[in-house]
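**Q** This is the structure, below, for whatever I ask next.
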Amino acid sequence: MPNVKVLAQRQEQRGSRFTGGHSLCSGCAEPMIVRTVLNAIEDPVVVANATGCLEVASSRYPTSAWNVPWIHSAFENAAATIAGVEAAYRALSRKGKITKRIRFVAFAGDGGTYDIGLQALSGALERGHDFLYIVLNNEAYMNTGVQRSSATPRGANATTSPAGSVIPGKPQDRKDLTEIVVAHRVPYVAQASVSNLIDLANKVERAMKYEGPKLINVYSTCPLGWRTPWDSAVRIAKLAVDTCYWPLYEVEEGVYRVTYKPKEKLPIEEWLKPQGRFRHLFKSEKGKAIIRELQEAVDRHWEELLMKERCTQGKA
Amino acid sequence: MKKVMTGHKAVAEAMRQIEPDVVAVYPITPQSEIAEYYAQYVADGLVRTELVPVESEHSAMSACVGAAAAGARVITATASQGLALMVEILYIAASMRLPIVMALANRALSGPINIHCDHSDAYLARDSGAVQIFAESAQEAYDYMVMAQRIAEHKDVRLPVIVNLDGFTLTHSSQVVETLPDERVKEFVGEYEPLYPLLDVDNPSTWGPFAMPDYYFELKRAQQAGMEAVPEVFLSVQEEYSRLSGRPYKGFFEAYKLDDAERVIVVMGSTAGTAKVVVDELRARGERVGLLKVWLWRPFPRAEVAEALSGAKAVAIMDRALSFGNMGALYLDITSAFAGREGPTFVNYIYGLGGRDVPAEHIAQVFEGLEDAVTGELRYLGLRE
């Protein structure tokens, strides 16, 4: 189990897998997540990246921030692409052309996963390829300008679900991708957050014990899109965790474990207030009703999660 | 060895003998049997291929890209809507210079939905950057699948290669096909030597970067150089394969009784077989008719085709797909090669859409129609109007 010291050592050893010099925004959570994930894997790694902020900011020709083999093909096919890489690895290992143990990681945003890449992800999960899929979940299409995705929370002001004088932001609830992946009965699924990097590192380590598909949905603050201060990535994500809006949990071989239970569950407003994307909710009755609904949904889902933990712990 | 087999089986046999590292494929009529045969080879342990039974053609091509970039030899197959779904990633495969070989069982694109042959799928991928070859018969489909591997993987080319075979007409009909012994095919295709494979973890490469206006243009120009290298490679692979197989493949197209022909049909795919019968019949009656059957469509051998047609009086260029709002694509390919100089009269025939039969009488009508042809005319063959 890594502590801060171990994380620091790993950063020294493997930190150059993803180097500086990329053009991700100041305050973006993604590089912290990418480094924590790659540093937690001991074996050589090959990375597939969906189109998105990380890809655009790290691979501007003729430069590259990647010191591991890296491939970007398109927006919706990170899972299918890494599946092909992994199939090649199996075939070439069988023929004795590859002798090293190599691990495979896909990075994709919420748009590339919840929406346009869902089919490719589902197919790759069902076929059982050996890969770790990391969702960099910043709850909208940030690379193209903060358009709503199916990960965008109800009430959020996004450029294609704007807060208007009649409609107060996105009318629909977000999709629960993590549970969709759990329903594929893959060996390891988890939610993590940039606010809890040791927890994330632990989860990557546990995931990589398994051969087969693994997914970690990582909450990734976007100060630009969420309209929060540039130094807020960890703080805002921590509020998402402490309000139980984004619970940290894992499902290991079907057994649920909540990896962090806040001592005091904060009201949802604590997380909403500092974010510009929710500011309008506090200014109208309609908005206040949405806040109440968000709170009710968080409470219900948190209870469900605790119940799933209780129900499945016996299986462990 | 000569055997009676369908076009599917001929393609699957070539694939078995090549034994690629990865096959990623999704079922679609009239391609599915290729996938089925190959899955059976895998199930029976006849090949050591990793079969990736994807959930869509989009993922098929995506997995092919991942596998080929990883350093594997990769083959796929599809048709019609499947190719349409692949096209986004086919462009990317070509830009990454990945030598993915694809059998395309030509089928009309929807809508209306139709499962039968025309070339609208191949035409959709015309500008994708993939090399495109058309087969007349199951034999040619087999032969070009083997040759395609060498063309695709040649260091100067490194591009996807599509081998087109007419859906149903070729895929489902039984024909005599002579296959080569397994060892001969394996020797011919050789060991695959990937460039900058992802699985070379000690020498990490970045594949599929983001290129802005400062580099995109140069990268696309470099891709064109791959296409420009194809003709020479195509001819040398043909020559080597002809020696190996005893079947005479020579040139970008087959010139059938073309030397002194006054009236000529240009066509791609299985219709060439019917056209040959008609040419023979008319020749027997003393008519100077001939056929030019295109094998290599992309890159298009403009100069050679123009040279071969320059002695003709009238040429019917037959497109098995509409290019809405303009003449057929093959017509434009050929007539543009004559720009600024004297040439024969050219008429464009659109034929056989959605599997409409092309009997010998229709081909005879085309030759007859060349008597009064006017350049630039667009005619429809076998259409009720």
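So the sequences go chain by chain: R and L.
My numbering applies: residue 330 is where the first sequence begins, and numbers increase by one.
My numbering applies: residue 370 is where the second sequence begins, and numbers increase by one.
Yeah, the Cβ is synthetic: ideal placement off N, Cα and C, and Gly gets one too.
(1) Pairing CB atoms from the stretch 393-407 of chain L with CB atoms from the stretch 558-576 of chain L, are three or more of them under 8 Å?
(2) Put HIS401 of chain R into one of helix, strand or coil per three-state DSSP.
(3) Alpha carbon to alpha carbon, what distance is there between TYR462 of chain R and MET361 of chain R?
(4) Consider the Cβ of ASN406 of chain R: report whether some Cβ of chain C lies at a distance smaller than 8 Å.
(5) Would you tell me roughly how many angstroms separate the C-alpha atoms of ARG667 of chain L and MET370 of chain L, rounded to the nearest one?
(6) For ILE531 of chain L, which residues of its own chain have a beta-carbon under 6 Å away from its beta-carbon, when the five flanking residues on both sides are left out?
(7) At 4 residues or longer, and completely inside the stretch 564-645 of chain R: list those alpha helix (DSSP H) runs for me, N to C.
(8) Go through its chain and collect everything with a Cβ distance to VAL411 of chain L's Cβ below 7 Å, but skip five positions before and after it.
(9) If the cut is a Cβ gap below 8 Å, which residues of chain R does TYR410 of chain L touch?
(10) Could you name the residues of the same chain whose beta carbon sits closer than 6 Å to that of ALA462 of chain L, not counting the 5 residues immediately before and after it, in chain order?
(11) Since ARG483 of chain R contacts ASP505 of chain R with CB under 8 Å, what's their CB separation in whole angstroms?
(12) Determine the DSSP secondary structure at MET596 of chain L, reduced to helix, strand or coil.
(13) Does LEU454 of chain R get closer than 8 Å to chain L when you measure Cβ to Cβ?
(14) With DSSP as the reference, label PRO500 of chain R as helix, strand or coil.
(15) To which residues does DSSP link SER679 of chain L through a beta bridge?
(16) Evaluate ILE545 of chain R with the Cβ neighbour count: other Cβ atoms within 10 Å of its Cβ, from every protein chain shown; 16 or more gives buried, anything less gives exposed.
(17) Just the C-alpha distance for GLN593 of chain L and GLN342 of chain R, rounded to the nearest angstrom, thanks.
(18) Use the C-beta contact count for MET465 of chain L: other C-beta atoms within 10 angstroms, 16 or more gives buried, fewer gives exposed.
(19) So the candidates are R:GLU384, R:VAL518 and R:LEU568; which of them puts its Cα closest to the Cα of LYS592 of chain R?
(20) So, for ARG748 of chain L: in the same chain, excluding its five sequence neighbours on each side, which residues have a beta-carbon less than 8 Å away from its beta-carbon?
(21) Using a Cβ cut-off of 9 Å, pull out every chain L residue sitting near GLN448 of chain R, in sequence order please.
(22) Only counting runs of 4 or more residues, tell me where the alpha helix (DSSP H) segments fall wholly within the stretch 395-443 of chain L, in order along the chain.
(23) So GLN386 of chain L packs on LYS555 of chain L, CB below 8 Å; how close in whole Å?
(24) By Cβ distance below 8 Å, which residues in the same chain neighbour TRP575 of chain R in space, the five residues on each side in sequence not counted?
(25) Does the Cβ-Cβ distance between ALA394 of chain R and SER402 of chain R come in under 8 Å?
(26) Would DSSP call THR489 of chain R helix, strand or coil?
(27) Does the Cβ-Cβ distance between TYR407 of chain L and ALA379 of chain L come in under 8 Å?
(28) Mind checking which residues open and close the alpha helix (DSSP H) that includes PRO360 of chain R?
(29) Are there 16 or more other CB atoms within 10 angstroms of the CB of ILE482 of chain L, so buried, or fewer, so exposed?
(30) Along the stretch 570-584 of chain L, where does the CB come closer than 9 Å to a CB of chain R? Name the residues.
(31) Alpha carbon to alpha carbon, how far is GLY441 of chain R from GLY452 of chain R?
(32) Tell me the rounded alpha-carbon separation between TYR578 of chain R and ILE484 of chain L.
(33) Are LEU627 of chain L and LEU660 of chain L closer than 8 Å when you measure CB to CB?
(34) Output yes if chain R places a C-beta closer than 8 Å to the C-beta of CYS433 of chain L; else output no.
(35) Going by DSSP, what residue range makes up the alpha helix (DSSP H) through TYR625 of chain L?
(36) Is the stretch 550-567 of chain R in contact with the stretch 350-364 of chain R, if contact means three or more CB pairs nearer than 8 Å?
**A** Reading it off the structure:
(1) no
(2) For this step, residue 401 of chain R is matched to residue 72 along the first sequence. In the structure shown, HIS401 of chain R sits in a strand (DSSP, three-state: E or B).
(3) By one-based count along the first sequence, residue 361 of chain R stands at place 32. By one-based count along the first sequence, residue 462 of chain R stands at place 133. Roughly 16 Å separates the two Cα atoms.
(4) In the structure shown, chain C does not exist; the protein chains are R and L.
(5) Position 298 of the second sequence holds residue 667 of chain L. Position 1 of the second sequence holds residue 370 of chain L. Answer to the nearest angstrom: the Cα atoms are 31 Å apart.
(6) Residue mapping note: residue 531 of chain L aligns to position 162 of the second sequence, counting from 1. Answer for ILE531 of chain L: MET471, LEU473, ALA499 and GLN501, listed in chain order.
(7) 597-601 and 614-642
(8) For the purposes of this step, residue 411 of chain L is taken as the residue at position 42 of the second sequence. So the qualifying residues of the chain are THR418 and LEU420.
(9) Translated into the one-based positions of the second sequence, residue 410 of chain L becomes position 41. Under the 8 Å cutoff, chain R gives no residues; its nearest Cβ is about 14 Å from TYR410 of chain L.
(10) Here residue 462 of chain L refers to the residue found at position 93 when the second sequence is read from its first residue. Contacts found: VAL434, ILE469 and PRO529.
(11) For this step, residue 483 of chain R is matched to residue 154 along the first sequence. For this step, residue 505 of chain R is matched to residue 176 along the first sequence. Going by Cβ atoms, the distance from ARG483 of chain R to ASP505 of chain R rounds to 13 Å, so no, they are not a contact pair.
(12) Working through the second sequence from its first residue, we reach residue 596 of chain L at position 227. Here MET596 of chain L sits in helix by DSSP.
(13) Your numbering for residue 454 of chain R matches position 125 in the first sequence. By this cut-off, LEU454 of chain R is not an interface position.
(14) Stepping through the first sequence from its first residue, residue 500 of chain R is reached at position 171. In the structure shown, PRO500 of chain R sits in coil (DSSP, three-state: anything other than H, G, I, E or B).
(15) Against the second sequence, residue 679 of chain L aligns to sequence position 310. Paired residue(s): none; SER679 of chain L is not in a bridge.
(16) Here residue 545 of chain R is taken as the residue at index 216 of the first sequence, counted from 1. By the 10 Å Cβ count, ILE545 of chain R comes out buried.
(17) In the second sequence, the residue the question calls residue 593 of chain L occupies position 224. In the first sequence, the residue the question calls residue 342 of chain R occupies position 13. Cα to Cα, GLN593 of chain L sits roughly 42 Å from GLN342 of chain R.
(18) Locating residue 465 of chain L in the second sequence gives position 96, counting from the first residue. When all chains shown are included, MET465 of chain L counts as buried.
(19) Here residue 592 of chain R refers to the residue found at position 263 of the first sequence. Comparing Cα-Cα distances from LYS592 of chain R to each of R:GLU384, R:VAL518 and R:LEU568, the minimum goes to R:LEU568.
(20) As a first step, residue 748 of chain L is located in the second sequence; it is residue number 379 there, counting from the start. Within the same chain, ARG748 of chain L has close Cβ partners VAL716, ASN717, TYR718, ILE719 and GLY738.
(21) Counting from one through the first sequence, the residue named residue 448 of chain R turns up at place 119. Per Cβ cutoff of 9 Å: GLU424, SER425, HIS427 and SER428.
(22) 401-412 and 426-439
(23) Taking the second sequence and counting its residues from 1, one reaches residue 386 of chain L at position 17. Taking the second sequence and counting its residues from 1, one reaches residue 555 of chain L at position 186. The pair is a contact, with the Cβ atoms about 7 Å apart (cut-off 8 Å).
(24) As a working mapping, residue 575 of chain R is identified with position 246 in the first sequence. Correct list, in chain order: GLN520, SER522, TYR548, ALA566 and ALA569.
(25) Taking the first sequence and counting its residues from 1, the one referred to as residue 394 of chain R is at position 65. Taking the first sequence and counting its residues from 1, the one referred to as residue 402 of chain R is at position 73. Going by C-beta atoms, ALA394 of chain R is not nearer than 8 Å to SER402 of chain R.
(26) Mapped onto the first sequence, residue 489 of chain R falls at position 160. Reduced to three states, the DSSP call for THR489 of chain R is coil.
(27) Here the question's residue 407 of chain L lines up with position 38 in the second sequence. Here the question's residue 379 of chain L lines up with position 10 in the second sequence. Taking 8 Å as the Cβ cut-off, TYR407 of chain L and ALA379 of chain L do not qualify as a contacting pair.
(28) What you label residue 360 of chain R is simply residue 31 of the first sequence in a count that begins at 1. Note, PRO360 of chain R: alpha helix (DSSP H), 359-368.
(29) Against the second sequence, residue 482 of chain L aligns to sequence position 113. The residue is exposed, with fewer than 16 neighbouring Cβ atoms inside 10 Å.
(30) VAL570, ASP571, ASN572, PRO573, SER574, THR575, TRP576, GLY577, PRO578, PHE579, ALA580, MET581, ASP583 and TYR584
(31) Sequence index remark: in the first sequence, residue 441 of chain R carries index 112 (1-based). Sequence index remark: in the first sequence, residue 452 of chain R carries index 123 (1-based). Taking the straight line from one Cα to the other gives about 14 Å.
(32) As a position in the first sequence, residue 578 of chain R is number 249, starting the count at 1. As a position in the second sequence, residue 484 of chain L is number 115, starting the count at 1. Taking the straight line joining both Cα atoms gives about 48 Å.
(33) The residue given as residue 627 of chain L occupies position 258 in the second sequence. The residue given as residue 660 of chain L occupies position 291 in the second sequence. For LEU627 of chain L and LEU660 of chain L, yes; Cβs fall inside 8 Å.
(34) As a working mapping, residue 433 of chain L is identified with position 64 in the second sequence. Yes, CYS433 of chain L lies at the interface with chain R (some Cβ there is under 8 Å from its Cβ).
(35) For this step, residue 625 of chain L is matched to residue 256 along the second sequence. Premise fails: TYR625 of chain L lies in the beta strand (DSSP E), 622-625, not in any alpha helix (DSSP H).
(36) yes
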